[in-house]
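Q: Under the numbering used here, the letters of the sequence shown match residues 23 to 370, in that order.
We treat Cβ as the ideally placed atom computed from N, Cα and C, and that holds for glycine.
Bear in mind that the values here come from a model prediction, so they are computed numbers and not experimental data.
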Amino acid sequence: MTVVDINIHHLPEDLFTNEKILNGFLNSAPRGFGEIARVETMASGKKHLILEKPAGHQNLNYVEGDYSAEAKLAAMDDAGVDYGVMRVPVWQEWLDLETCKAVNDNAADIVKRSNGRLFFTACVPPWGGKENIDELKRCIDLGAVGVQLACHYGQLYLDDPVFEPYLREIEKLDIPVIAHHTPLPVEWRSVVDYTNLRREYGRIVDQATAVGRELFSGMFDRMPGLRFIHTMFGGNWFANQALLMPHASNKAESLTRLDPTGGDKIKSYLDNNLFFDMTHPHSWGKQQVEAAIAIGGADHYLFGSSFPVFYGWMSQGVEFVKNELEITDAERELVLSGNAARLFNLPL
């Protein structure tokens with residue numbers, strides 16, 4: 023059975039040796055908003071890029087050598103992954119246009135060297151404007167199969183009107199968007215004290231907030247051709263969607279506390295516009311993943327490993343989906359490759 027991993031992290035291969043690119047990353051992190059970016063040398067001699075917020079609370083770690091084409095392909099061979107879709111993990115929230123161009127150029131080069139096994143998504147600032155749109159179109163000419171966005175920029179989630187000019191261009195190009203989580207949700211102070219709460223649950227909160235805002239904003243009415251693929255199971259959205267779907271009461275109520283209208287529209291957005299990355303699925307648990315597929319439909323979930331956060335996540339994830347989930351073979355095929363081939367139009 024063919025396996026496509028849609029969540030393979032990409033950074034420029036010369037990030038730690040090209041001073042201009044490294045400074046492009048370091049200087050883009052907004053220190054005025056508490057994001058602290060620094061490089062240290064590990065005991066192994068490898069360089070290590072760290073993002074903290076607040077000081078002393080690490081939210082992101084890039085290690086030299088983990089992001090090379092060779093490392094990706096070797097891990098894929100070991101895990102039984104046939105194809106991979108690359109995206110920048112998290113930092114795209116801040117990157118300027120010139121740094122994005124370097125990121126995209128290296129991604130396109132890796133694709134060429136992968137003998138058809140790797141694909142890339144365009145990394146572009148989301149603010150519209152001719153230069154940014156030109157870079158998006160250049161990426162498509164280079165072979166990009168989709169666009170990557172952060173699920174929020176600063177304090178603005180993707181339903182904010184400032185993103186609409188860019189999203190309309192993406193809709194015209196008929197390419198999917200991967201909405202990657204950010205290091206912390208906008209409202210982050212209650213989750214920072216404990217490492218697992220911060221680094222896992224914080225991302226879940228962020229994605230659930232993003233998906234909810236997109237559903238209730240009406241943005242998919244204005245741009246019905248948009249297709250978003252959110253990481254982290256959309257912030258466990260399968261567990262929330264029935265509760266948050268508008269339901270009209272069959273009794274006269276003294277006070278209407280929830281909006282009972284628009285349930286059919288919300289369902290149509292979930293059916294047509296929103297899809298979910300099964301970010302290292304074995305970590306979530308067998309019952310939870312089976313519930314997600316039963317509730318949201320196997321045609322809405324795509325396998326992703328988050329390689330190289332943990333090298334083992336790729337092989338563990340493939341083993342989990344292939345041999346532990348009690349789903350049909352047709353559902354398994356959709357999750358492992360069919361949905362990716364359809365949404366990204368991959369020539370598998």
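Checking 8 Å against the spacing of the C-beta atoms, do residue 135 and residue 32 come in under that value?
A: no
Q: In whole angstroms, what is the alpha-carbon distance linking residue 60 and residue 49?
A: 10 Å
Q: Enumerated in chain order, which unbroken segments of the beta strand (DSSP E) with a length of 3 residues or greater are wholly contained in the segment 279-335?
A: 296-301, 323-326
Q: Could you round the C-beta distance between residue 167 and residue 367 to whole angstroms and report it? I think they count as a contact, below 8 Å.
A: 7 Å
Q: At the level of alpha carbons, what is the spacing between residue 324 and residue 202?
A: Using only the alpha carbons, I get a separation of about 14 Å.
Q: Under three-state DSSP, which class holds residue 94?
A: helix
Q: Is there contact between the segment 150-162 and the segment 42-58, where contact requires at least three CB pairs shorter than 8 Å?
A: no
Q: In three-state DSSP terms, what is residue 188?
A: helix
Q: For the 8 Å Cβ check, are there 3 or more pairs between the segment 137-145 and the segment 114-128?
A: yes
Q: Would you check if the distance between the CB atom of residue 208 and the CB atom of residue 174 is smaller than 8 Å?
A: yes
Q: Report yes if the CB atom of residue 118 is closer than 8 Å to the CB atom of residue 46, and no otherwise.
A: yes
Q: Helix, strand or coil: how does DSSP classify residue 143 here?
A: strand
Q: Rounded to the nearest angstrom, how far is the Cβ of residue 314 from that of residue 260, given a contact under 8 Å?
A: 4 Å
Q: Going straight from the alpha carbon of residue 397 to that of residue 67, what length do you get?
A: Residue 397 lies beyond the residue range present for the chain, which begins at 23 and ends at 370; the question has no answer from this structure.
Q: With DSSP run on the structure shown, which of helix, strand or coil describes residue 37?
A: coil
Q: Pull the bridge partners of residue 27 from the DSSP assignment, please.
A: 106
Q: Using 10 angstroms around the beta-carbon of residue 188, count the other beta-carbons present and answer buried if the total reaches 16, otherwise exposed.
A: buried
Q: Span of the beta strand (DSSP E) holding residue 71?
A: 69-74
Q: Across which residues does DSSP place residue 62 in a beta bridge pair?
A: 70
Q: Roughly how many angstroms lie between the CA atoms of residue 41 and residue 88, to the nearest whole one?
A: 18 Å
Q: Three Cβ pairs or more, each shorter than 8 Å: is that satisfied between the segment 290-309 and the segment 225-243?
A: Because the criterion of three Cβ pairs below 8 Å is met, the segment 290-309 and the segment 225-243 touch.
Q: Let me know if residue 29 comes out buried or exposed under the rule of 16 or more other beta-carbons within 10 Å of its beta-carbon.
A: buried
Q: Starting from residue 172, follow its DSSP beta bridges and name the residues at the other end.
A: 202
Q: On a Cα-Cα basis, can you pick out the residue from 236, 204, 217 that is closest to residue 225?
A: 204
Q: Looking at the structure shown, is residue 340 part of a helix, part of a strand, or coil, going by DSSP?
A: The three-state reading of DSSP puts residue 340 in helix, counting H, G and I together.
Q: Smallest Cα separation from residue 229: which of 97, 194, 299?
A: The candidate whose alpha carbon is nearest that of residue 229 is 299.
Q: Helix, strand or coil: how does DSSP classify residue 226 here?
A: helix
Q: Taking the CB atoms as reference points, tell me whether residue 217 and residue 254 lie closer together than 8 Å.
A: Between residue 217 and residue 254, the C-beta spacing is not below 8 Å.
Q: With a threshold of 6 Å on Cβ separation, who are the neighbours of residue 71 within its own chain once the five nearest residues in sequence on each side are excluded?
A: 61, 84
Q: In the DSSP assignment, find the beta strand (DSSP E) that holds residue 85 and state where it starts and stops.
A: 80-85
Q: In whole angstroms, what separates the C-alpha of residue 227 from that of residue 257?
A: 6 Å
Q: Keeping to the same chain, check which residues put their C-beta closer than 8 Å to that of residue 214; ignore five residues upstream and five downstream.
A: 75, 76, 79, 206, 220, 224
Q: Which residue from 37, 192, 64 puts its Cα closest to that of residue 121?
A: 37
Q: To which residues of the same chain is residue 69 closer than 7 Å at the C-beta, ignoring the five residues directly before and after it?
A: 38, 61, 63, 86
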